[in-house]
Amino acid sequence: MDLEAVVMDIIINSGQARSYAYEALSKAKEGDFDGAESLMNESAEAAKEAHKVQTKLIEQDQGTGKTPMTLVMVHAQDHLMTSMLAQEMVNELITLHRRLAQRG
0 MDLEAVVMDI
10 IINSGQARSY
20 AYEALSKAKE
30 GDFDGAESLM
40 NESAEAAKEA
50 HKVQTKLIEQ
60 DQGTGKTPMT
70 LVMVHAQDHL
80 MTSMLAQEMV
90 NELITLHRRL
100 AQRG
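With numbering that gives the first Met the number 0, you'll find the sequence shown wraps up at 103, consecutive numbering, no jumps.
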């Protein structure tokens, strides 16, 4: 497994997950809740791909330090965690926008 390519996969998929989440929030602000839901599903799929790659790295290392820790690996983990946080927060904000729209 090419470590650099694996780490880049995490960064790319995590970034995509975060981007989809914020696009979903924009849709919710416009009142397009179906579009928001669709984009959040895309976000979840991208995050799932990033998480699969992360899991492979963890399995390969098995807690023994076989995988060298690099700055770019830390950066990838940061991307993954911030995208997960963005998804959680955006889901809450979409719920709020939906409630506000229902109150009209």
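Glycine included, every Cβ here is placed at the ideal spot set by N, Cα and C.
Of the listed residues the options, nearest to residue i (C-alpha basis)
i, options, result
"Ala18", "Gly103, Ala46, Thr69", "According to the sequence as given, residue 18 is Ser; it is not Ala. When each option's Cα is compared against that of Ser18, the closest is Ala46."
"Ile9", "Gln76, Gln86, Glu91, Leu84", "Gln76"
"Met39", "Leu70, Thr54, Ala4, Ala85", "Ala85"
"Ala43", "Val6, Arg97, Tyr21, Leu2", "Tyr21"
"Asp1", "Asp31, Glu29, Glu48, Lys55", "Lys55"
"Ile11", "Val71, Gln101, Pro67, Arg102", "Val71"
"Gln53", "Gly103, Met80, Glu87", "Met80"
"His50", "Asn90, Thr66, Val6", "Val6"
"Glu41", "Arg102, Ser82, Gly64", "Ser82"
"Ile93", "His74, Lys28, Arg102", "Lys28"
8 angstroms Cβ cutoff met for residue i and residue j
i, j, result
"Gly34", "Lys26", "yes"
"Lys32", "Arg98", "In the sequence as presented, Lys is not what sits at residue 32; that position holds Phe. Contact flag unset, no."
"Thr69", "Asp60", "no"
"Ala23", "Val89", "yes"
Continuous alpha helix (DSSP H) stretch holding residue i: start and end
i, result
"Asp8", "2-28"
Can you list, in chain order, the stretches of the alpha helix (DSSP H) that have 4 or more residues and sit fully within the segment 30-92? Runs found: 32-60.
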